[in-house]
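Data first, discussion second: the structure below is written as structure tokens.
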DNA sequence: GATACGTGGCG
DNA sequence: TCGCCAAGTAT
């Protein structure tokens, strides 16, 4: 038995609290073992993403592609389009790649250990632990930002992140009970999101208030320490909405790698370090009007101000384009799979919702 | 090991 | 308005 699992130990205290206070979430099942496919899908969606943001994406994906085989058989563009708006699009590319490995090479079954899961695309240390513990009952830790914060406070670990990661992971693993490791993982995350919050933690309601060293030392709220972030540089650029006589809009699929890799965008330039490529002729052969409202958007490592232009007059049906450009009917623009920034740009250019 | 990689909510 | 933060991974 791990140290935390003894009667009155931290794991027992936490699981007791979890049974009474844990959140009901779409990907959690009350009875029996959850479907590894659903666990994997939810964990990938939840990487660096809030529960609220994942919202309907999870249920929509599960309804549309109920099995890993179904997802593997789906065209990649459809998976990327369904992911549009969630961000970190490498996750969607890796999700599809992972589904194909599981479906084609592993007989449709996910590996049952963290060590094996870790080898699959898009599955790192956290996700491997989460799937192994939740879906297969392996007694391994799933250390996300919640767990890091909770553990750092619990043991008053003053080493700043990310240097503290190894120690935090070691402590977390020691606490994992042999029984209910999956519930323990989820309980730790619920504790971090409901009680042991980044600011103003509710220590008096915490099941670990007695053994918590950070609380005893009066330093819980100031942990974990972190190295300061770099300021985001500001970038600017232009995006053009080119309308055809029949109402179709000119779009472009971005290269597979890098920023918004594989996603669809309005033709744009000047902001992403990419060479400007235009279909046939430059857009400056056309007459554009600049839209009143610029688009502002914040990426992980820079903030963006995008000037928005639209054609003063629609172009002819004869305006032929080659890949990666294509014409998208206005009525299907909403389903084109525009990432957040490009959806904003389209809305600004059209002056109406998609 | 540092950097790239989205988006939305909150104080 | 703005910085912080979020169920991290890949390179």
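Residue numbers (this note's numbering): 88 to 441. Ideal Cβ placement from N, Cα and C applies to all residues, glycine included. Remember, it's a predicted structure, so these values are computed and weren't measured experimentally.
Where residue 276 is concerned, the enclosing alpha helix (DSSP H) starts and stops at 268 to 281. Taken through DSSP and simplified to helix, strand or coil, residue 173 comes out as coil. For residue 260, the enclosing alpha helix (DSSP H) begins and ends at 252 to 262.
Burial is judged here by how many other beta carbons sit within 10 angstroms of a residue's own beta carbon; residue 286 has fewer than 16 and is exposed. Residue 336 sits away from residue 283, with the two beta carbons spaced by 8 Å or more.
Each residue's CA atom was taken as its position, placing residue 203 and residue 219 some 9 Å apart. Annotation for residue 150: the continuous alpha helix (DSSP H) segment containing it runs 138 to 151.
Per DSSP, reduced to three states, the secondary structure at residue 223 is helical. Between the segment 126 to 135 and the segment 213 to 229 there are three or more inter-stretch CB-CB distances shorter than 8 Å, so the stretches are counted as touching. By the Cβ criterion, the segment 268 to 276 is in contact with the segment 98 to 115, since at least three pairs of Cβ atoms, one from each stretch, lie closer than 8 Å. Taking residue 151 as reference, the option from 288, 169, 403 with the minimal CA-CA separation is 169. Within the same chain, 239, 240, 301 come within 6 Å of residue 310 by CB-CB distance, once the 5 residues on both sides are set aside.
Short of 6 Å from the beta carbon of residue 362, and not among the five residues preceding or following it, lies no beta carbon of its own chain. In the pairwise beta carbon analysis, the segment 248 to 268 is classified as not touching the segment 318 to 333: fewer than three pairs are separated by under 8 Å. A direct Cα-Cα distance of roughly 22 Å separates residue 137 from residue 255. By the neighbour-count criterion, in which a residue is buried when 16 or more other Cβ atoms sit within 10 angstroms of its Cβ, residue 397 is buried. In the DSSP assignment, residue 156 falls within the alpha helix (DSSP H) that extends over 155 to 160. Straight across, the Cα-Cα distance linking residue 380 with residue 96 is about 58 Å. Inter-segment contact for the segment 181 to 193 and the segment 155 to 166 is present: three or more beta-carbon pairs are separated by less than 8 Å. Beta-bridge partners of residue 325 (DSSP): 356, 394.
Residue burial is scored here from C-beta neighbours: residue 314 has fewer than 16 other C-beta atoms within 10 angstroms and is therefore classed as exposed. In this structure, 213 is the residue among 266, 269, 213 with its C-alpha nearest to the C-alpha of residue 252. Judged by DSSP secondary structure, residue 404 falls outside any alpha helix (DSSP H); it is assigned neither H nor E.
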